[in-house]
Amino acid sequence: MKTAVFKSYQDGLYTFWFDNGDELAFEEVHPKALYKYNLKTDKSFIDKSFKLSYSEVFNDLDDSVIYRIDSLVLL
């Protein structure tokens, strides 16, 4: 799991900044994580630190990659 700060939810993307300076926008979040942390509407999670794990989902049809959050824990 990596540590990251939640920055925004906009246009269907969940944006996190990681400790190493990387910024990732996730298109998908596991339903259990969204049930516990409603990142879409609860503005109190902005600028909060989370431990998260994620996976890269490859689409062979158009060679695209989607990032999906698999687990999320508020620190």
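Just so you know, we're using my numbering here: the sequence shown kicks off at 378 and counts up by one.
Glycine included, C-beta positions come from ideal geometry on N, C-alpha and C.
Here the structure is a predicted model, which is why all the values come from computation and not from measurement.
Rounding to the nearest angstrom, what Cα-Cα distance links residue i and residue j in this structure?
{"i": "residue 396", "j": "residue 390", "result": "19 angstroms"}
{"i": "residue 426", "j": "residue 394", "result": "9 angstroms"}
{"i": "residue 403", "j": "residue 432", "result": "10 angstroms"}
Which one or two residues does DSSP pair with residue i in a beta bridge?
{"i": "residue 428", "result": "380, 450"}
{"i": "residue 444", "result": "433"}
{"i": "residue 421", "result": "BP columns for residue 421 are empty, so no partner."}
{"i": "residue 402", "result": "392"}
{"i": "residue 386", "result": "391"}
Short of 8 angstroms in beta carbon distance, which residues of its chain neighbour residue i, apart from the five on each side in sequence? Order them along the chain.
{"i": "residue 424", "result": "382, 383, 384"}
With a Cβ-Cβ cutoff of 9 angstroms, do residue i and residue j count as a contact?
{"i": "residue 405", "j": "residue 434", "result": "yes"}
{"i": "residue 420", "j": "residue 448", "result": "no"}
In its own chain, which residues sit with a C-beta less than 6 angstroms from the C-beta of residue i, not counting the 5 before and 5 after it?
{"i": "residue 386", "result": "416, 417"}
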